[in-house]
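Please read the structure below before turning to the comments.
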Amino acid sequence: MTIKSSRRGAPDAFIWLPTKSGEYSVKTGYHSALALHENLNDPHNLQNPFNWMSEIWNGKFSPKMKVFLWKVLQEALPIGENLLNRGILESSCCTHCGELETTEHLFFHCPYAVAVWNLAPFSNDVNPTQLQTFPTTLTLSKTWISLPPIGAGQGPLFPWICWSIWKACNYLLFEERLFKPEETIQKAILEAKD
Numbered sequence: 703m704t705i706k707s708s709r710r711g712a713p714d715a716f717i718w719l720p721t722k723s724g725e726y727s728v729k730t731g732y733h734s735a736l737a738l739h740e741n742l743n744d745p746h747n748l749q750n751p752f753n754w755m756s757e758i759w760n761g762k763f764s765p766k767m768k769v770f771l772w773k774v775l776q777e778a779l780p781i782g783e784n785l786l787n788r789g790i791l792e793s794s795c796c797t798h799c800g801e802l803e804t805t806e807h808l809f810f811h812c813p814y815a816v817a818v819w820n821l822a823p824f825s826n827d828v829n830p831t832q833l834q835t836f837p838t839t840l841t842l843s844k845t846w847i848s849l850p851p852i853g854a855g856q857g858p859l860f861p862w863i864c865w866s867i868w869k870a871c872n873y874l875l876f877e878e879r880l881f882k883p884e885e886t887i888q889k890a891i892l893e894a895k896d
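Printed below as a string of structure tokens:
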């Protein structure tokens, strides 16, 4: 398995994200560690806590999905907005529609994602345009019941749909392969069965 290089031919580089120049210094390392420590001890951050253990690590997901969901929630996926905030990109447009690529846009609000979610075999209606944040939707998705004919087993279908949307965007970006929403939902169902 090989990693494909970018279409722009940019060389690999180490980048220290807390600085605009991308260069590490002991001073910026110290200030980053101090800010992180203060953030962890800030009581305002505990008003609406996200329970990582119950929502992800103890969830009925495969290890691959646990890591994927953790990366989404930590803003560690190379989504346009995350790359823009780190100064890696100057513009961050969605590969499917050209809008600003945020986590919520990519997985829920993009017309392509909406088309995929509209095909999802849930017993209740899921309107992706009304989904606000990824953590809230992850929690809410545990109440969604997949229709029996798909045979997805014990785990929820939600992370597999997000995974398939993510992969479809990457195929379009790096290999210029456009998958139909029907193909994307079919891949999500097939992978959820495994």
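Start counting at 1 in the sequence shown, then tack on 702, and there's your number in the numbering used here. Cβ atoms here follow ideal geometry from the backbone N, Cα and C, with glycine treated the same way. All values derive from a computational prediction rather than experimental measurement.
Span of the alpha helix (DSSP H) around residue i
i	result
Ile781	Note, Ile781: premise wrong, no alpha helix (DSSP H); not H, not E.
Glu884	Pro883 to Lys895
Asn820	Pro813 to Asn820
Pro861	Phe860 to Glu877
Leu842	Phe836 to Ser843
Residue from the options with nearest C-alpha to residue i
i	options	result
Pro861	Cys812, Asn829, Glu801 and Lys762	Lys762
Phe810	Glu801, Ala894 and Asn829	Asn829
Leu842	Ser734, Asp714, Ile758 and Gly724	Ile758
Thr838	Arg710, Leu875, Asp827 and Asn753	Asn753
Glu893	Trp718, Pro858 and Leu874	Pro858
Whole-angstrom distance between residue j and residue i, CA atom to CA atom
i	j	result
Arg788	Gly731	16 angstroms
Trp819	Thr886	10 angstroms
Ile781	Lys773	11 angstroms
Thr831	Lys895	27 angstroms
Tyr814	Thr797	10 angstroms
Leu738	Ser825	42 angstroms
Pro713	Ser727	22 angstroms
Glu878	Asn872	9 angstroms
Ser734	Lys722	14 angstroms
Gln888	Glu725	44 angstroms
Asp827	Trp846	9 angstroms
Supposed close pair residue i, residue j - CB separation, criterion 8 angstroms
i	j	result
Leu821	Pro883	6 angstroms
Trp865	Met767	7 angstroms
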